[in-house]
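Numbering (this note's numbering), first residue to last: 5 to 699.
Note that the Cβ used here is the ideal one computed from N, Cα and C, for glycine as well.
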């Protein structure tokens, strides 16, 4: 196994690194764990993490499937954190990995490590029930809710008497969004003083569930959360007065450090949080919180404020008109554009003042009226509710203003159709380059950040002959997140791909841009699915083509007794996956969400068919803006951006096949550009060495 990593002999005998190396050795502490096997790449990764933490440096480390990366970063993080009084923050992208860490890996380490430590999994505060707000909502239910909503509120109350953690995940069926929003924890409405241990509300109705969770995460040695919550919380933490406090020499907490697993998702998640987005649905939802003209319910109904009611109703009308004008303007722009033959889902807005801003002033007038109500409020709780409403209205006003004026520099602006039927609209702005933000807020913030994933590099380490520590395959990721000062390492997978996998490339396929491609695709997909009698993922980049191929192959699959599960036909993704696992003679046709983050170990998945190289859609506004920015600097956008992005996604798709040392199967690539184009070799070189046959 070839390992690429920094060579630093001066630190090879540091106490922590030596301790970690021993723990992962053949007779080390970890050997007491169930199903333990000594893995050299895992041991080397753990030592690399230990050295980076001790030196206060950043680390980017790719660890192939089967390395066991979660233990390789958890053990040095726990030992370093406990020895130095530092909190370890572990951030992941998926709930599945969070649950694996919190329910399996960390409890196991509590049993075998020589130090005691505590851990907890953090969810966003809106996931938790606030018992004080629940009691207040019950007391004012008649003015706030319709009859069905009152029934839903009572269901939440009954659930609150038996739930263990008071979070949404503890519901069998999640409650109505409006009802939950009236009773969940919110900043400014749910604080230690109002709801925490020893408060009047806690003595009357029990301590708020979020405040219980808050005490756990403030005291925990290891905190597990997701990337979205990390960036929402970045730079501030809640002190005992629930005010924002600078994190100082840390990221979320003073004196912490962070490990990002599934780090390939950092850029898009950070971009969403740093950018601006306001939807027609969010505008209505937040105004309806004050007053809903149709149901005549809302906070204002309980306060008997008729004058403000009129202002809210007028603002709702203006908001609907604004979004209607935006849609009309976008339709006009689309008609003049090069892609007018297709309906638009995302449309880039290149100039300011797409439409007149007719909603910011009405929003501000409502805020001023609510401000007067805050001053006249008879109790602190009513004032707090109104303050939170005003904060949200200010966010909506500012987002609309930023979008229409295009005042945020180096941002791209676009309108997107939202909702299941694409009947809503959202106005969006996001930074074109997220690296500068991450560089300043994460990688040059005075504490260690470790980034890891199975797919960060665009070249397999066994094929890359670069000097140790260079890892040029990681350049694309490192530049994208601004982690130029990080140490680098690549740990290849311990699996034997030469024995476990055979790769087929359909050399006789027409070019994907040829008319004959779709017909040939039907033939070759059928051919390879028959080879394994189902048990296959067929991964597409185009929904329309996917459904056409599925329809053409339906008679063949029916004849063979192979169930065909197709994404985009109304079945939830999780249900599709369960159906596929249960029926081993099935085939799943999937789009973007099945290229990554899906685990089907064992015989159920023995075949992955890549129908087309996964180049990003060139007309998405953010992709388009990134390409333009590179070209404006004289760069080659295809080689510097489009190609590396496609290679990474290709690796992720192929990576669905082999999840354990016992898995085996075939991979079929039905895009002959890997053979006919000069850049095609990059896709093959990104994979581990395996048997290849051109058919």
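Check: What's the gap between the Cα of residue 42 and the Cα of residue 29?; Outcome: 6 Å
Check: Does the segment 524-536 come within contact of the segment 602-618, defined as at least 3 CB pairs closer than 8 Å?; Outcome: yes
Check: Mapping DSSP to helix, strand and coil, what is residue 296?; Outcome: strand
Check: What's the gap between the Cα of residue 347 and the Cα of residue 190?; Outcome: 39 Å
Check: Return the Cβ separation of residue 522 and residue 552 in integer angstroms, given the expectation that the two are a contact with Cβ distance under 8 Å.; Outcome: 7 Å
Check: Does the distance from the CB of residue 618 to the CB of residue 565 come in under 8 Å?; Outcome: no
Check: Between which two residues does the alpha helix (DSSP H) holding residue 689 run?; Outcome: 684-689
Check: What residue from 429, 696, 671, 83 has the CA that sits closest to residue 114's CA?; Outcome: 83
Check: Can you tell me where the alpha helix (DSSP H) holding residue 48 begins and where it ends?; Outcome: 44-59
Check: Beta-carbon within less than 7 Å of residue 292's beta-carbon, same chain only, minus the 5 sequence neighbours each way: which residues are those?; Outcome: 302
Check: Hey, quick one: how far does the beta strand (DSSP E) through residue 265 stretch, first residue to last?; Outcome: No beta strand (DSSP E) contains residue 265, which DSSP labels as neither H nor E.
Check: Between the Cα of residue 338 and those of 350, 484, 327, spot the shortest distance and give me the residue it belongs to.; Outcome: 350
Check: Among the candidates 193, 641, 282, 675, whose CA atom is the shortest distance from the CA of residue 140?; Outcome: 193
Check: Measure the alpha-carbon distance for residue 201 versus residue 217 and round it to whole angstroms.; Outcome: 12 Å
Check: Residue 300: which of 145, 456, 362, 635 sits nearest, CA to CA?; Outcome: 145
Check: What ranges does the beta strand (DSSP E) occupy inside the segment 507-552, keeping only unbroken runs of at least 3 residues that lie completely in it?; Outcome: 540-543
Check: State buried or exposed for residue 176, treating a residue as buried only when at least 16 other CB atoms are found within 10 Å of its CB.; Outcome: exposed
Check: Beta carbon of residue 2, beta carbon of residue 458: below 8 Å?; Outcome: Examination of residue 2 is not possible in this model, given that the chain is present from 5 through 699 alone.
Check: Determine, using beta carbons only, whether residue 158 comes closer than 8 Å to chain C.; Outcome: Absent here is chain C; the protein component of the structure consists of one chain.
Check: Going straight from the alpha carbon of residue 227 to that of residue 605, what length do you get?; Outcome: 28 Å
Check: Does the segment 665-685 touch the segment 502-517, meaning 3 or more C-beta pairs lie closer than 8 Å?; Outcome: yes
Check: Which one of 169, 654, 184, 168 has the shortest CA to CA distance from residue 159?; Outcome: 184
Check: Here's the rule I'm using: 16 or more other beta-carbon atoms within 10 Å means buried, otherwise exposed. How should residue 24 be labelled?; Outcome: buried
Check: Can you tell me whether residue 502 is buried or exposed, with buried defined as 16 or more other CB within 10 angstroms of its CB?; Outcome: exposed
Check: Measure the beta-carbon distance from residue 505 to residue 668 and round it to whole angstroms, keeping in mind my assumption that it falls under 8 Å.; Outcome: 7 Å
Check: Which value, in whole angstroms, describes the spacing of the CA atoms of residue 117 and residue 34?; Outcome: 8 Å
Check: According to the neighbour-count rule (16 or more other Cβ atoms, all chains shown, within 10 Å of its Cβ), is residue 44 buried or exposed?; Outcome: exposed
Check: Quick check on residue 126: buried or exposed, where buried means 16 or more other Cβ atoms within 10 Å of its Cβ?; Outcome: buried
Check: Kindly list the residues whose CB is nearer than 6 Å to the CB of residue 648, restricted to its own chain and excluding five residues on each side of it in sequence; keep chain order.; Outcome: 462, 480
Check: For residue 656, does the three-state DSSP call read helix, strand or coil?; Outcome: helix
Check: Report the partner residues of residue 230 according to the DSSP bridge assignment.; Outcome: 96
Check: When we look at the beta-carbon of residue 655 and count the other beta-carbons within 10 Å, is it buried (16 or more) or exposed?; Outcome: buried
Check: Tell me the rounded alpha-carbon separation between residue 364 and residue 324.; Outcome: 13 Å
Check: Assuming residue 356 contacts residue 427 (C-beta within less than 8 Å), just tell me the rounded distance between them.; Outcome: Going by Cβ atoms, the distance from residue 356 to residue 427 rounds to 26 Å, so no, they are not a contact pair.
Check: Are the beta-carbon atoms belonging to residue 715 and residue 121 less than 8 Å from one another?; Outcome: Here the chain comprises residues numbered 5 to 699, so residue 715 is not present and cannot be evaluated.
Check: In the DSSP assignment, find the unbroken alpha helix (DSSP H) run with residue 630 in it and report its ends.; Outcome: 625-636
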